[in-house]
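*Asks:* One structure is given below, represented as structure tokens, and several questions about it will come after.
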Amino acid sequence: MRRSVFIAGLAAGLALGVGLFGTSWNRSVAEAQQKASPTEVKVDNFSFGPVTLTVPVGTTVTWINRDDIPHTIVSTDDPKAFKSKVLDTDEKFSFAFSKPGTYPYFCSIHPKMTGKVIAQ
Amino acid sequence: MHPFDIKTVLFAKHAQHVVLIHFPIALFIIGVLFDFLAQWKKQPLLAAAAYYNLLVAAMATIPAVVTGILAWQWELEGQKLKGILLMHLVMGCLSTVLIWVVWFVHRRTRRKQQEVLPGYRLPIAAVAVVIVAVTGHLGGFLSGVNGPG
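Residue numbers (this note's numbering), protein chains in the order written: chain A, 1 to 120; chain B, 1001 to 1149.
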């Protein structure tokens, strides 16, 4: 009886350990993937971060305004590939890059703020 | 980028509104200063200096307002404004109206060839200076004068 309780306890402990390891491993893989291909551009302190973002074709890039003042995300190309509305603090704008190419953009309120997305 | 394209001229690197807006602000504040000095010193010459500063300030509001509205219509495609941008627009319009009102009071007195300017113009002018200052502060905040580079 005592032996079977011990074996059951050992099995439960083993299962728990494997589960925890699996979860942690999955999380670290997800984090690594996120670090390897970020799809978010932070707008803060009158700059885009990262200034140049390289993504696989088909990726949706999201810009998020973390600044205290409004900004826009406007493609420099003619015709414009994308153009956001005015983004207030914490507002987001997303665009899916379905074709390969280099997409320069700027903030139309502050034209010195420029960035680039490379879809490849 | 064409050098004679009106949008290029107005918005190349720095919007002209940001440049032009300094003229009515400076002229109006100096005009009001002369106006207060004229009241204090009882000097008609200072009142005349105030009048001409206010006249040019009022005229300088026209290109400032036009370029500001064009920036809104062209760069932001006239989209509905909110937050600081909306506040700046409302305060800017209010500032413009008050600058013209203060000038008009001086103009009317001169046309009627009265020597004494009405006293009520001074509180209006003082309020206008505060509103102009707040509008300018919001504009500076929006343009990023405190930002890097």
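Glycine included, C-beta positions come from ideal geometry on N, C-alpha and C.
1. Pro70 of chain A and Gly1083 of chain B: beta carbons closer than 9 Å?
2. Should Val1018 of chain B be counted as a contact of the ligand HEM given a C-beta to heavy atom distance under 8 Å?
3. Around the Cβ of Glu1077 of chain B, are there at least 16 other Cβ atoms within 10 angstroms (buried) or fewer (exposed)?
4. In this structure, how does DSSP classify Asn65 of chain A when only helix, strand and coil are distinguished?
5. Provide the residue span of the alpha helix (DSSP H) that contains Ile118 of chain A, from first to last.
6. How would you list, in chain order, the residues of chain A whose beta-carbon sits under 7 Å from the beta-carbon of Leu1085 of chain B?
7. To the nearest angstrom, how far is it from the Cα of His1137 of chain B to the Cα of Asp78 of chain A?
8. Since Lys116 of chain A and Val74 of chain A are thought to touch, with beta carbons under 8 Å apart, how far apart are those beta carbons, to the nearest angstrom?
9. Could you pull out every residue in the same chain whose Cβ sits closer than 8 Å to the Cβ of Leu1186 of chain B, ignoring the five residues on either side in sequence?
10. With distances taken Cα to Cα, identify the nearest neighbour of Asn1053 of chain B among B:Pro1118, B:Leu1046, B:Phe1028.
11. Compare the C-beta of Gln1073 of chain B against all C-beta atoms of chain A and say whether one is closer than 9 Å.
12. So which residues of chain A does Gln1079 of chain B contact, with C-beta pairs closer than 7 Å?
13. Quick check on this structure: which residue in B:Ile1124, B:Ala1026, B:Thr1135, B:Ser1143 has the alpha carbon closest to the alpha carbon of Met1059 of chain B?
14. Taking a Cβ distance cut-off of 9 Å, strictly less, list which residues of the segment 1124-1145 of chain B are near chain A, in chain order.
15. Helix, strand or coil, according to DSSP, for Thr59 of chain A in the structure here?
16. Are the CB atoms of Thr76 of chain A and Tyr105 of chain A within a distance shorter than 9 Å?
*Replies:* Concretely, from the data shown:
1. Locating residue 70 of chain A in the first sequence gives position 70, counting from the first residue. Locating residue 1083 of chain B in the second sequence gives position 83, counting from the first residue. Yes, Cβ-Cβ distance for Pro70 of chain A and Gly1083 of chain B is below 9 Å.
2. Judged by which ligands are present, the structure shown has none, so any question about the ligand HEM falls away.
3. Your numbering for residue 1077 of chain B matches position 77 in the second sequence. Glu1077 of chain B is exposed by the Cβ-count criterion.
4. Along the first sequence, one-based indexing puts residue 65 of chain A at 65. Here Asn65 of chain A sits in strand by DSSP.
5. For the purposes of this step, residue 118 of chain A is identified with residue 118 of the first sequence, where counting begins at 1. No alpha helix (DSSP H) holds Ile118 of chain A; the beta strand (DSSP E) holding it covers 114-119.
6. Residue mapping note: residue 1085 of chain B aligns to position 85 of the second sequence, counting from 1. Here the neighbours are Pro70, Val86.
7. For this step, residue 1137 of chain B is matched to residue 137 along the second sequence. For this step, residue 78 of chain A is matched to residue 78 along the first sequence. Cα to Cα, His1137 of chain B sits roughly 34 Å from Asp78 of chain A.
8. For the purposes of this step, residue 116 of chain A is identified with residue 116 of the first sequence, where counting begins at 1. For the purposes of this step, residue 74 of chain A is identified with residue 74 of the first sequence, where counting begins at 1. Actually they are not in contact, since the Cβ atoms of Lys116 of chain A and Val74 of chain A sit about 13 Å apart, beyond 8 Å.
9. Nothing can be reported for residue 1186 of chain B, as the shown portion of chain B is limited to 1001 through 1149.
10. If you number the second sequence from 1, residue 1053 of chain B lands on position 53. Of the listed residues, the one whose Cα sits closest to Asn1053 of chain B is B:Phe1028.
11. Taking the second sequence and counting its residues from 1, the one referred to as residue 1073 of chain B is at position 73. Answer no: the Cβ-Cβ gap between Gln1073 of chain B and chain A never drops below 9 Å.
12. Working through the second sequence from its first residue, we reach residue 1079 of chain B at position 79. Those within 7 Å of Gln1079 of chain B in chain A are Lys85, Val86.
13. Position 59 of the second sequence holds residue 1059 of chain B. The shortest C-alpha separation from Met1059 of chain B is found at B:Ala1026.
14. For chain A, the residues of the segment 1124-1145 of chain B that bring a beta carbon within less than 9 Å of one of its beta carbons are Phe1141, Leu1142, Ser1143, Gly1144, in chain order.
15. Counting from one through the first sequence, the residue named residue 59 of chain A turns up at place 59. Thr59 of chain A sits in coil when the DSSP states are folded into three classes, being neither helix nor strand.
16. The count along the first sequence starts at 1 and reaches residue 105 of chain A at position 105. The count along the first sequence starts at 1 and reaches residue 76 of chain A at position 76. Yes, the pair counts as a contact, with Cβ atoms nearer than the cut-off.
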